[in-house]
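Presented below is the structure to which this report refers.
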Amino acid sequence: MTWWDMCDGRAGVGMTVTEPQERYDEGEQASDLNRVIGKQVKVLRERANLTQKELGDRLGYSEDLISSLERGRRTPQREFLEAADELLLAGGLLTAAIEDVEKAKAKARVRHPAWFRDYARLEASAVEINFFSTLAPPGLMQTEDFIRTLLNGRQPLLSEETIEQRVVSRLARQEILTRWPPPIVTAVIDESVLRRKLGGRKVRQGQLEHLLKCGRLRNITLQVLPLDCEENSGVDGPFVLQTPRGKQQVAYLEVQGVGQLITDPEEVRILAARYGSIRGQALTPRESLALIQELLGER
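In my numbering, the protein residues as written are 2 to 300.
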(Lines of atoms letter the chains of each structure in order from A and count residues from 1; the text may use other names and numbers.)
(Lines give C-alpha, C1' and ligand atoms only; values in the text may rest on other atoms or scores of the structure.)
Protein backbone atom coordinates (compact mmCIF):
# COMPACT_ATOMS: atom_id res chain seq x y z
CA MET A 1 0.00 0.00 0.00
CA THR A 2 1.48 3.32 -1.02
CA TRP A 3 1.00 6.72 0.52
CA TRP A 4 -1.33 7.66 -2.30
CA ASP A 5 -3.82 5.41 -0.54
CA MET A 6 -3.29 6.73 2.98
CA CYS A 7 -2.03 10.32 3.07
CA ASP A 8 -4.31 13.30 3.64
CA GLY A 9 -1.96 15.75 1.92
CA ARG A 10 -1.12 17.84 4.98
CA ALA A 11 2.22 16.35 6.04
CA GLY A 12 5.47 18.24 5.51
CA VAL A 13 9.17 17.60 5.93
CA GLY A 14 9.76 15.58 9.07
CA MET A 15 6.06 14.82 9.48
CA THR A 16 4.65 11.36 8.92
CA VAL A 17 1.25 10.00 8.14
CA THR A 18 0.21 6.56 9.35
CA GLU A 19 -2.86 4.68 8.24
CA PRO A 20 -5.82 5.48 10.52
CA GLN A 21 -9.00 3.54 11.05
CA GLU A 22 -11.19 3.30 7.95
CA ARG A 23 -13.91 5.94 7.75
CA TYR A 24 -16.21 5.90 4.74
CA ASP A 25 -19.44 7.86 4.42
CA GLU A 26 -21.86 8.90 1.69
CA GLY A 27 -19.16 8.13 -0.86
CA GLU A 28 -20.68 4.70 -1.26
CA GLN A 29 -23.50 6.40 -3.17
CA ALA A 30 -21.15 6.78 -6.15
CA SER A 31 -20.30 3.09 -5.99
CA ASP A 32 -24.00 2.25 -5.75
CA LEU A 33 -24.62 4.19 -8.98
CA ASN A 34 -21.83 2.31 -10.73
CA ARG A 35 -23.30 -1.01 -9.63
CA VAL A 36 -26.79 -0.11 -10.87
CA ILE A 37 -25.48 0.93 -14.28
CA GLY A 38 -23.28 -2.17 -14.40
CA LYS A 39 -26.28 -4.43 -13.83
CA GLN A 40 -28.18 -2.64 -16.59
CA VAL A 41 -25.28 -3.14 -19.01
CA LYS A 42 -25.13 -6.83 -18.13
CA VAL A 43 -28.86 -7.36 -18.70
CA LEU A 44 -28.72 -5.54 -22.05
CA ARG A 45 -25.60 -7.44 -23.13
CA GLU A 46 -27.12 -10.81 -22.29
CA ARG A 47 -30.33 -9.83 -24.07
CA ALA A 48 -28.20 -9.17 -27.16
CA ASN A 49 -26.54 -12.62 -26.74
CA LEU A 50 -23.08 -11.08 -26.47
CA THR A 51 -20.22 -12.17 -24.23
CA GLN A 52 -18.21 -9.57 -22.36
CA LYS A 53 -15.38 -10.05 -24.86
CA GLU A 54 -17.70 -9.64 -27.83
CA LEU A 55 -19.19 -6.45 -26.40
CA GLY A 56 -15.72 -5.13 -25.65
CA ASP A 57 -14.48 -5.92 -29.15
CA ARG A 58 -17.41 -4.11 -30.76
CA LEU A 59 -17.01 -1.03 -28.56
CA GLY A 60 -13.22 -0.97 -28.52
CA TYR A 61 -12.78 -1.94 -24.86
CA SER A 62 -11.06 -4.86 -23.17
CA GLU A 63 -12.98 -7.79 -21.71
CA ASP A 64 -11.56 -6.95 -18.28
CA LEU A 65 -12.92 -3.42 -18.50
CA ILE A 66 -16.40 -4.64 -19.45
CA SER A 67 -16.29 -7.06 -16.52
CA SER A 68 -15.25 -4.30 -14.12
CA LEU A 69 -17.97 -1.99 -15.41
CA GLU A 70 -20.66 -4.63 -15.03
CA ARG A 71 -19.57 -5.27 -11.45
CA GLY A 72 -19.64 -1.57 -10.63
CA ARG A 73 -15.91 -1.32 -10.06
CA ARG A 74 -15.32 1.25 -12.78
CA THR A 75 -17.06 4.53 -13.45
CA PRO A 76 -18.61 4.36 -16.94
CA GLN A 77 -17.47 7.16 -19.21
CA ARG A 78 -19.88 9.23 -21.31
CA GLU A 79 -18.42 7.75 -24.51
CA PHE A 80 -19.02 4.20 -23.30
CA LEU A 81 -22.60 4.87 -22.23
CA GLU A 82 -23.44 6.51 -25.55
CA ALA A 83 -21.86 3.74 -27.63
CA ALA A 84 -23.30 0.91 -25.52
CA ASP A 85 -26.76 2.47 -25.55
CA GLU A 86 -26.76 2.53 -29.34
CA LEU A 87 -25.20 -0.92 -29.85
CA LEU A 88 -27.41 -2.66 -27.29
CA LEU A 89 -30.57 -0.86 -28.44
CA ALA A 90 -31.13 0.45 -24.93
CA GLY A 91 -33.44 3.24 -26.08
CA GLY A 92 -31.77 5.89 -23.92
CA LEU A 93 -31.68 3.81 -20.73
CA LEU A 94 -27.88 4.14 -20.43
CA THR A 95 -27.50 7.67 -21.78
CA ALA A 96 -30.09 8.85 -19.25
CA ALA A 97 -27.53 8.10 -16.54
CA ILE A 98 -24.81 10.34 -18.01
CA GLU A 99 -25.77 13.43 -16.01
CA ASP A 100 -25.75 11.50 -12.72
CA VAL A 101 -22.40 9.92 -13.60
CA GLU A 102 -20.90 13.32 -14.38
CA LYS A 103 -22.09 14.67 -11.03
CA ALA A 104 -20.61 11.66 -9.24
CA LYS A 105 -17.28 12.17 -11.02
CA ALA A 106 -17.27 15.84 -10.02
CA LYS A 107 -17.45 14.65 -6.43
CA ALA A 108 -14.82 11.95 -6.94
CA ARG A 109 -13.26 12.62 -3.56
CA VAL A 110 -16.21 10.96 -1.84
CA ARG A 111 -14.92 7.61 -3.09
CA HIS A 112 -12.09 7.94 -0.62
CA PRO A 113 -11.94 7.90 3.16
CA ALA A 114 -12.18 11.35 4.74
CA TRP A 115 -8.48 11.47 5.63
CA PHE A 116 -7.46 10.93 1.98
CA ARG A 117 -9.69 13.42 0.20
CA ASP A 118 -7.32 16.39 0.31
CA TYR A 119 -4.57 14.49 -1.46
CA ALA A 120 -6.96 12.77 -3.86
CA ARG A 121 -7.95 16.25 -5.02
CA LEU A 122 -4.29 17.15 -5.65
CA GLU A 123 -3.63 13.93 -7.52
CA ALA A 124 -6.70 14.46 -9.68
CA SER A 125 -5.22 17.77 -10.88
CA ALA A 126 -1.63 16.56 -11.33
CA VAL A 127 0.12 17.70 -14.51
CA GLU A 128 3.18 15.51 -13.95
CA ILE A 129 3.86 12.36 -11.90
CA ASN A 130 7.19 10.52 -11.65
CA PHE A 131 7.46 7.09 -10.02
CA PHE A 132 10.46 5.10 -8.86
CA SER A 133 9.03 1.72 -7.88
CA THR A 134 10.99 -1.10 -6.23
CA LEU A 135 8.24 -3.17 -4.54
CA ALA A 136 5.18 -3.09 -6.82
CA PRO A 137 4.07 -1.33 -10.01
CA PRO A 138 2.78 2.22 -9.48
CA GLY A 139 -0.76 2.14 -8.09
CA LEU A 140 -2.06 4.05 -11.10
CA MET A 141 -0.85 1.21 -13.35
CA GLN A 142 -2.04 -1.78 -11.35
CA THR A 143 -4.68 -4.19 -12.62
CA GLU A 144 -7.75 -5.00 -10.57
CA ASP A 145 -6.50 -8.55 -9.90
CA PHE A 146 -3.10 -7.26 -8.77
CA ILE A 147 -4.70 -4.70 -6.45
CA ARG A 148 -6.79 -7.45 -4.86
CA THR A 149 -3.69 -9.61 -4.43
CA LEU A 150 -1.92 -6.81 -2.56
CA LEU A 151 -4.91 -6.02 -0.35
CA ASN A 152 -5.71 -9.66 0.43
CA GLY A 153 -2.14 -10.13 1.63
CA ARG A 154 -2.19 -7.21 4.06
CA GLN A 155 -1.42 -7.84 7.73
CA PRO A 156 -3.41 -7.30 9.85
CA LEU A 157 -6.15 -8.58 7.58
CA LEU A 158 -8.50 -6.11 5.93
CA SER A 159 -12.25 -6.73 5.88
CA GLU A 160 -13.88 -7.71 2.59
CA GLU A 161 -15.78 -4.41 2.63
CA THR A 162 -12.57 -2.41 3.06
CA ILE A 163 -10.87 -4.35 0.25
CA GLU A 164 -13.79 -3.69 -2.07
CA GLN A 165 -13.82 0.02 -1.25
CA ARG A 166 -10.10 0.34 -1.84
CA VAL A 167 -10.22 -1.54 -5.13
CA VAL A 168 -12.98 0.75 -6.41
CA SER A 169 -11.12 3.85 -5.22
CA ARG A 170 -7.81 2.94 -6.82
CA LEU A 171 -9.38 1.95 -10.13
CA ALA A 172 -11.31 5.22 -10.18
CA ARG A 173 -8.09 7.17 -9.64
CA GLN A 174 -6.55 5.54 -12.70
CA GLU A 175 -8.92 7.48 -14.91
CA ILE A 176 -6.56 10.47 -14.74
CA LEU A 177 -4.16 8.57 -17.03
CA THR A 178 -6.62 8.59 -19.93
CA ARG A 179 -8.44 11.89 -19.40
CA TRP A 180 -7.75 14.89 -21.63
CA PRO A 181 -5.39 16.53 -21.22
CA PRO A 182 -3.60 13.71 -19.41
CA PRO A 183 -0.74 14.24 -16.95
CA ILE A 184 2.79 13.54 -18.14
CA VAL A 185 3.86 10.34 -16.37
CA THR A 186 7.25 8.69 -16.14
CA ALA A 187 7.95 5.51 -14.23
CA VAL A 188 11.13 3.61 -13.50
CA ILE A 189 10.33 0.12 -12.24
CA ASP A 190 12.94 -2.18 -10.78
CA GLU A 191 13.20 -5.44 -12.74
CA SER A 192 12.61 -7.43 -9.54
CA VAL A 193 9.06 -6.01 -9.47
CA LEU A 194 8.37 -7.52 -12.89
CA ARG A 195 9.79 -10.91 -11.94
CA ARG A 196 7.93 -11.18 -8.63
CA LYS A 197 5.05 -13.67 -9.00
CA LEU A 198 2.54 -12.12 -6.64
CA GLY A 199 -0.88 -13.70 -7.13
CA GLY A 200 0.43 -16.44 -9.39
CA ARG A 201 1.06 -16.68 -13.12
CA LYS A 202 -2.30 -15.36 -14.34
CA VAL A 203 -2.21 -12.25 -12.16
CA ARG A 204 1.42 -11.57 -13.10
CA GLN A 205 0.75 -12.05 -16.81
CA GLY A 206 -2.20 -9.68 -16.66
CA GLN A 207 -0.14 -7.09 -14.84
CA LEU A 208 2.72 -7.31 -17.34
CA GLU A 209 0.30 -6.98 -20.25
CA HIS A 210 -1.25 -3.92 -18.61
CA LEU A 211 2.16 -2.31 -18.12
CA LEU A 212 2.85 -2.81 -21.83
CA LYS A 213 -0.40 -0.99 -22.64
CA CYS A 214 0.48 1.82 -20.25
CA GLY A 215 3.98 2.11 -21.68
CA ARG A 216 2.55 2.59 -25.16
CA LEU A 217 0.35 5.54 -24.18
CA ARG A 218 1.66 8.85 -25.49
CA ASN A 219 1.68 10.49 -22.06
CA ILE A 220 3.49 7.66 -20.25
CA THR A 221 7.19 6.83 -20.43
CA LEU A 222 8.02 3.53 -18.75
CA GLN A 223 11.55 2.34 -18.02
CA VAL A 224 12.99 -0.71 -16.26
CA LEU A 225 16.04 -0.61 -13.99
CA PRO A 226 17.73 -3.94 -14.82
CA LEU A 227 19.01 -6.32 -12.16
CA ASP A 228 22.43 -6.44 -13.81
CA CYS A 229 22.86 -2.67 -13.63
CA GLU A 230 26.21 -1.98 -11.94
CA GLU A 231 25.09 1.48 -10.79
CA ASN A 232 21.92 2.28 -8.87
CA SER A 233 21.17 5.72 -7.50
CA GLY A 234 17.92 4.43 -6.01
CA VAL A 235 19.23 2.05 -3.37
CA ASP A 236 17.65 4.19 -0.65
CA GLY A 237 14.22 3.04 -1.76
CA PRO A 238 11.15 4.04 -3.80
CA PHE A 239 9.67 7.52 -4.01
CA VAL A 240 7.25 9.60 -6.04
CA LEU A 241 7.52 13.13 -7.42
CA GLN A 242 4.31 14.91 -8.26
CA THR A 243 3.40 18.33 -9.61
CA PRO A 244 -0.22 19.38 -8.93
CA ARG A 245 -1.62 21.98 -11.33
CA GLY A 246 -0.57 25.46 -10.28
CA LYS A 247 1.53 24.19 -7.36
CA GLN A 248 5.16 23.34 -6.67
CA GLN A 249 6.46 19.83 -7.08
CA VAL A 250 6.30 17.64 -3.97
CA ALA A 251 7.85 14.28 -3.11
CA TYR A 252 6.70 11.31 -1.13
CA LEU A 253 8.56 8.56 0.73
CA GLU A 254 6.91 5.52 2.36
CA VAL A 255 7.87 2.44 4.34
CA GLN A 256 5.80 -0.07 6.36
CA GLY A 257 2.59 1.95 6.19
CA VAL A 258 4.22 5.22 7.28
CA GLY A 259 4.35 7.99 4.70
CA GLN A 260 6.28 11.26 4.56
CA LEU A 261 5.24 14.09 2.26
CA ILE A 262 8.17 16.38 1.44
CA THR A 263 7.42 19.95 0.40
CA ASP A 264 10.75 21.67 1.15
CA PRO A 265 12.07 22.86 -2.25
CA GLU A 266 15.68 21.83 -1.56
CA GLU A 267 14.72 18.32 -0.42
CA VAL A 268 12.46 17.91 -3.45
CA ARG A 269 15.24 19.17 -5.73
CA ILE A 270 17.62 16.52 -4.39
CA LEU A 271 15.13 13.73 -5.04
CA ALA A 272 14.39 15.10 -8.51
CA ALA A 273 18.11 15.07 -9.31
CA ARG A 274 18.34 11.51 -7.98
CA TYR A 275 15.42 10.50 -10.18
CA GLY A 276 17.23 11.90 -13.19
CA SER A 277 20.24 9.71 -12.39
CA ILE A 278 18.02 6.64 -11.97
CA ARG A 279 16.41 7.24 -15.36
CA GLY A 280 19.85 7.50 -16.91
CA GLN A 281 20.82 4.12 -15.43
CA ALA A 282 17.62 2.40 -16.56
CA LEU A 283 16.94 0.75 -19.91
CA THR A 284 15.52 2.98 -22.63
CA PRO A 285 11.72 2.97 -23.01
CA ARG A 286 12.00 0.77 -26.12
CA GLU A 287 14.34 -1.68 -24.38
CA SER A 288 12.10 -1.69 -21.31
CA LEU A 289 8.97 -2.65 -23.24
CA ALA A 290 10.96 -5.33 -25.05
CA LEU A 291 12.04 -6.79 -21.68
CA ILE A 292 8.45 -6.85 -20.42
CA GLN A 293 7.40 -8.58 -23.64
CA GLU A 294 10.17 -11.13 -23.10
CA LEU A 295 9.05 -11.77 -19.52
CA LEU A 296 5.51 -12.34 -20.79
CA GLY A 297 6.80 -15.23 -22.88
CA GLU A 298 8.37 -16.98 -19.89
CA ARG A 299 6.57 -19.87 -18.22
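All C-beta atoms in this analysis are idealised placements derived from N, C-alpha and C, irrespective of residue type, glycine included. Values in this document were obtained by computation on a predicted structure and should not be read as measured data.
- The C-beta distance from L141 to L178 rounds to 6 Å, short enough to fall under 8 Å.
- For Q249, no alpha helix (DSSP H) segment is defined, and its DSSP state is neither H nor E.
- Separation of the CB atoms of V194 and P138 is rounded to 6 Å, and the pair is thereby assigned contact status at 8 Å.
- Following the DSSP letters along the chain, one finds E129 inside the beta strand (DSSP E) bounded by residues A127 to S134.
- Cα atoms of E47 and P77: separation of roughly 18 Å, rounded to the nearest angstrom.
- D86 sits in a helix when the DSSP states are folded into three classes.
- In this structure, DSSP gives E255 an extended state, which the three-state scheme calls strand.
- In the three-state DSSP reduction, Q224 falls in the strand class (E or B).
- About 15 Å separates the beta carbon of S289 from that of Q208, a gap too long to meet the 8 Å contact definition.
- Where D58 is concerned, the enclosing alpha helix (DSSP H) starts and stops at Q53 to L60.
- Beta-bridge partners assigned by DSSP to A188: F132 and L223.
- Rounded to whole angstroms, the separation of the alpha carbons of L136 and T187 is 17 Å.
- With contacts defined by Cβ atoms closer than 8 Å, F147 and V241 do not form a contacting pair.
- Around the C-beta of A274, fewer than 16 other C-beta atoms lie within 10 Å, and the residue is accordingly described as exposed.
- Assigned with DSSP and collapsed to three states, L199 falls in coil, not helix or strand.
- Inclusion of A91 and L34 in the CB contact set at 8 Å is not warranted, their separation being larger than that value.
- Taking a 10 Å sphere around the C-beta of Q249, we find fewer than 16 other C-beta atoms and assign the residue as exposed.
- Counting the other CB atoms within 10 Å of its CB gives V37 a total below 16, which places it among the exposed residues.
- R180 is the residue among L51, G216 and R180 whose C-alpha sits nearest the C-alpha of S126.
- Secondary structure note for R287: its alpha helix (DSSP H) is the uninterrupted segment P286 to L297.
- Remark: C-beta atoms of L70 and L88 do not approach each other more closely than 8 Å.
- For A273, the enclosing alpha helix (DSSP H) starts and ends at P266 to Q282.
- Rounded to the nearest angstrom, the Cβ distance from I279 to L226 is 7 Å, consistent with a contact under 8 Å.
- The alpha-carbon of G39 is positioned some 10 Å away from that of L95.
- Within the DSSP secondary-structure output, F240 pairs in a beta bridge with F133.
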